[in-house]
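Protein chains in written order, with this note's numbering: chain A, 679 to 844; chain B, 1051 to 1456.
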């Protein structure tokens, strides 16, 4: 079944696929599964098993990590054309954070079978995919480092701790 | 100029009973005012009031039993300290403060918290202006060399923190006699007899100093060395007084103050927690060593052959001992000697020097207007008298050296 034109147009805007040729995008689209979430609906919880990554096509989802009781720290708001869940796809580890819909959302899921097919049939596209993925990882690592620093600053300011004079 | 960053924020998700949730941004300021500071458990601190006949406000000394350091708290700060029970948030503490004092000083709580958190409390090491100037001019070889030398000397510190038992034994084996009425009478007697001898000797000072002959510089150096030894005795008596009032001597040792002033020192800050009488006696008793030694020196000089080296040496020693006595007891010299501590204790203004210097500096820079309250008058008097006294002290010493050498 041929992928609709609007889906192909959308995929071209996703950073992971910007260097894909038209036939490669069409092949990729065939491996993607659509998931719909209502507002507030949980997609998965931290610690759940998983082997899919998701691309937000419409709406927005919230990524959070448990802190204490009912309180979680918001790690990211994922908007259209952005993606999440790739860590479990690549290493098979349990989900490292909880994801739920901030608004009604449509997601595109790529599972391990689909990724394997991409690697087997379109090695050039797979290389472009992983190259883009590494760039995004670097950005996210930088953002995480900044978040750690900000959380530390928050702690110092909230406690009034005078470290300089110690 | 570095711009101060906006207060940090955390984005938190709070789940409700149903599937829904709420995302809240929590600023560090909110975290701060909702924190519930808890002071140490009973027994981990002591509070002692400093009574004042001048300052309008009462002040208190807070001692941490863990670090054995001290903080001077104003009455409002003590009120805040008492609220910090671990159950009351800073917001509630601030409200209680407003209800009590009818106003709120936005800096008082953060400043107090910083002070308390340090409760390694005050650093007693004076920061030398000379060292600051040298640090600024490290680019110059001479400054760098001087700084390196001073740093090396500063590292020389022969001291012990396990001296309490030594002082207790010294006190038990006879040191307690120094704190009897008989000792006070003996001191007074020495003072009077030594004074009479000194007056007689001063009438013929030129003849007396002629005893140095061609060894004037050697004589002056020997006098200084003997005096240096007497400083150790001075500190020893402070320690005995501290033990006499059942407080702890924390340290005794030798160091180079500011990197170049060799001195013995004793840490008797624990006496702050005792009565005012104990604090005054501890401060004054050390200085009386100089009274007695000076008197003995004058008596020796009075009985030595006129114009002999012994007489010259004894008179010079007597002068320097009594000068040390005056200097130690005299509160107006910008140096926080024993007399200063007694003076501020009696007035109940423990931060007199700092406040006075800050006020006069602000006046000179036009940041403060001249006011004539009791405290302001005290500050002005302190700075004025201290400046004059230092000038007089320098002039007197120049005269002594010139007299001795010529």
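We put the beta carbon where it would ideally sit given N, CA and C, even for glycine.
Below-8 angstroms beta-carbon distance, residue i vs any chain B residue
| i | result |
| --- | --- |
| residue 828/A | yes |
| residue 752/A | yes |
| residue 723/A | no |
| residue 824/A | no |
Under 9 angstroms by beta carbon: chain B residues contacting residue i
| i | result |
| --- | --- |
| residue 740/A | 1063, 1071, 1073 |
Chain A contact residues for residue i, given Cβ-Cβ distances below 9 angstroms
| i | result |
| --- | --- |
| residue 1082/B | 835, 836, 837, 838 |
Contact check, residue i vs residue j, beta carbons under 8 angstroms
| i | j | result |
| --- | --- | --- |
| residue 780/A | residue 749/A | no |
| residue 734/A | residue 772/A | no |
| residue 1208/B | residue 1277/B | no |
| residue 699/A | residue 743/A | no |
| residue 1060/B | residue 1076/B | yes |
| residue 1403/B | residue 1386/B | yes |
| residue 1366/B | residue 1249/B | no |
| residue 1109/B | residue 1125/B | yes |
| residue 1435/B | residue 1382/B | yes |
| residue 706/A | residue 720/A | no |
| residue 695/A | residue 807/A | yes |
| residue 1087/B | residue 1206/B | no |
| residue 1123/B | residue 1143/B | no |
| residue 1121/B | residue 1237/B | no |
| residue 1384/B | residue 1291/B | no |
| residue 1348/B | residue 1233/B | no |
| residue 712/A | residue 786/A | yes |
| residue 783/A | residue 737/A | yes |
| residue 1336/B | residue 1371/B | no |
| residue 1140/B | residue 1085/B | yes |
Test: residue i CB closer than 8 angstroms to a CB of chain A
| i | result |
| --- | --- |
| residue 1367/B | no |
| residue 1210/B | no |
| residue 1085/B | yes |
| residue 1177/B | Residue placement at residue 1177/B cannot be trusted, given a pLDDT of 46 that sits under 50; what the coordinates show is reported in the next sentence. Answer no: the Cβ-Cβ gap between residue 1177/B and chain A never drops below 8 angstroms. |
Bridge partners - residue i, DSSP secondary structure assignment
| i | result |
| --- | --- |
| residue 852/A | Within the shown structure, residues of chain A are numbered from 679 to 844, placing residue 852/A beyond reach of any answer. |
| residue 1315/B | 1303/B |
| residue 816/A | The partner list for residue 816/A (beta bridge, DSSP) is empty, contrary to what the question assumes. |
| residue 1135/B | 1088/B |
| residue 1072/B | 1064/B |
| residue 1099/B | 1110/B |
| residue 1120/B | 1113/B |
| residue 1059/B | 1077/B |
| residue 789/A | 730/A |
Partners in chain A for residue i, counting only beta-carbon separations shorter than 7 angstroms
| i | result |
| --- | --- |
| residue 1436/B | Residues of chain A passing the Cβ test: none, with the nearest at roughly 29 angstroms. |
Contact set between residue i and chain B, taken where Cβ atoms lie within less than 8 angstroms
| i | result |
| --- | --- |
| residue 831/A | 1055, 1058, 1078 |
Interface residues of chain B facing residue i [CB-CB closer than 7 angstroms]
| i | result |
| --- | --- |
| residue 748/A | 1064, 1065 |
| residue 718/A | 1069, 1070, 1071 |
Going along the chain, which unbroken runs of the alpha helix (DSSP H) with 4 or more residues stay wholly within the region 1329-1385 of chain B? Fully enclosed alpha helix (DSSP H) runs of 4 or longer: 1359-1379.
Starting from the N-terminal side, write out each stretch of the alpha helix (DSSP H) that is 4 residues or longer and does not extend beyond the region 1199-1277 of chain B. DSSP runs (the alpha helix (DSSP H)) wholly in the region 1199-1277 of chain B: 1214-1222, 1231-1252, 1255-1259.
Taking only runs that begin and end inside the region 706-786 of chain A, name each unbroken alpha helix (DSSP H) of 4 or more residues, in chain order. Listed in chain order, they are 764-769.
Could you tell me which uninterrupted alpha helix (DSSP H) segments, each at least 4 residues in length, are contained entirely in the region 1420-1453 of chain B, listed from first to last along the chain? Restricted to the region 1420-1453 of chain B, not a single alpha helix (DSSP H) segment is unbroken, complete and at least 4 residues in length.
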